[in-house]
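Trainee: Residue numbers (this note's numbering): 5 to 231.
Here a beta-carbon is modelled for each residue, glycine too, at the ideal position from N, C-alpha and C.
Every value quoted in this text rests on a predicted model; they were computed, and no experiment measured them.
#1: What separation, rounded to the nearest whole angstrom, lies between the Cα atoms of residue 98 and residue 109?
#2: Counting along the chain, where does the beta strand (DSSP E) carrying residue 48 start and finish?
#3: Can you look up residue 226 in the DSSP assignment and give me helix, strand or coil?
#4: Name the two residues that bound the continuous beta strand (DSSP E) containing residue 93.
#5: For residue 35, which of helix, strand or coil comes out of DSSP?
#6: In the DSSP assignment, find the beta strand (DSSP E) that holds residue 177 and state where it starts and stops.
#7: Whole angstroms is fine: what's the gap from residue 47's alpha carbon to residue 179's?
#8: Give me the DSSP bridge partner(s) of residue 155.
#9: Taking all protein chains shown into account, decide if residue 133 is buried (16 or more other Cβ within 10 angstroms of its Cβ) or exposed.
#10: Check each candidate in 154, 190, 24 and 137 and name the one with the smallest Cα separation from residue 163.
#11: Pick out whichever of 78, 35 and 101 has its Cα sitting closest to the Cα of residue 23.
#12: What did DSSP end up calling residue 233 once you bin it into helix, strand or coil?
#13: Where do the N-terminal and C-terminal ends of the alpha helix (DSSP H) with residue 87 fall, by residue?
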């Protein structure tokens, strides 16, 4: 669906202002404090590249370093760390258009972290990747969170990604937050859903069923058995 686009993508990548309500990211309003905001976040949005299609990956990194006005020593240190962790040495001199999907996703993640953002938004980062590439992305996301203290906000329909990476999961359906809790608590909540005993319980039951429908679809699509 498009819930993740309106909740995550638009506030962080476009100047469009909301018709109502307010968005605050790390204490900043993205529409009021835009320059400060974009300097403190990194974004990777699926099939959209922030690198230059015809430029080698390494040159694209250098351009981003200039755009963010990174101090040279800091930039080289961060770039070298990311290249090593994401195993990008072999593709630094290749144009982005020649990369496989897995290579490009790893390059995109490195590009999003060059300026050492406090928060990184990853939209479907493993979609279309083969198993080794998925494992590499998941491993790096865990390390970025654990070793760098980077907060990672992941939007995905892949239950395997959620179970491998998430400490907290938010389920959005029809523009509403249906659940906000740890993965195990969400699974338990769905499994314990019971039929309503009277009319007064119907509204709560409908919300439980909406959550169950979302989770059931996750598992049906990705073959993850409930435990």
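Mentor: Let me lay it out:
#1: In the chain shown, residue 98 corresponds to position 94, counting from 1. In the chain shown, residue 109 corresponds to position 105, counting from 1. Going by the C-alpha atoms only, they are around 14 Å apart.
#2: Residue mapping note: residue 48 aligns to position 44 of the chain shown, counting from 1. 45–49 is the extent of the beta strand (DSSP E) around residue 48.
#3: Against the chain shown, residue 226 aligns to sequence position 222. For residue 226, the pLDDT reaches just 46, beneath the cut-off of 50, and the residue's location in the model is therefore unreliable, although a value from the coordinates is still provided. Of the three classes helix, strand and coil, the one that applies to residue 226 here is helix, per DSSP.
#4: Reading the chain shown from its first residue, position 89 is the one you call residue 93. That residue, residue 93, is in no beta strand (DSSP E); it is neither H nor E in DSSP.
#5: Here the question's residue 35 lines up with position 31 in the chain shown. Here residue 35 sits in coil by DSSP.
#6: Position 173 of the chain shown holds residue 177. From DSSP, the beta strand (DSSP E) with residue 177 extends over 173–177.
#7: Here residue 47 refers to the residue found at position 43 of the chain shown. Here residue 179 refers to the residue found at position 175 of the chain shown. Approximately 22 Å between the Cα atoms of the pair.
#8: In the chain shown, counting from the first residue as 1, residue 155 sits at position 151. In DSSP, residue 155 forms a bridge with 123.
#9: Taking the chain shown and counting its residues from 1, one reaches residue 133 at position 129. Looking at its Cβ environment, which holds 16 or more other Cβ atoms inside 10 Å, residue 133 is buried.
#10: As a first step, residue 163 is located in the chain shown; it is residue number 159 there, counting from the start. Checking every option, the nearest Cα to that of residue 163 belongs to 190.
#11: Within the chain shown, residue 23 is the residue found at index 19, counting from 1. Ranking the options by Cα distance to residue 23, first place goes to 35.
#12: The chain is shown from 5 up to 231; residue 233 falls before or after that span and cannot be answered.
#13: As a first step, residue 87 must be located in the chain shown, where it is residue number 83. For residue 87, the enclosing alpha helix (DSSP H) stretches over residues 76–89.
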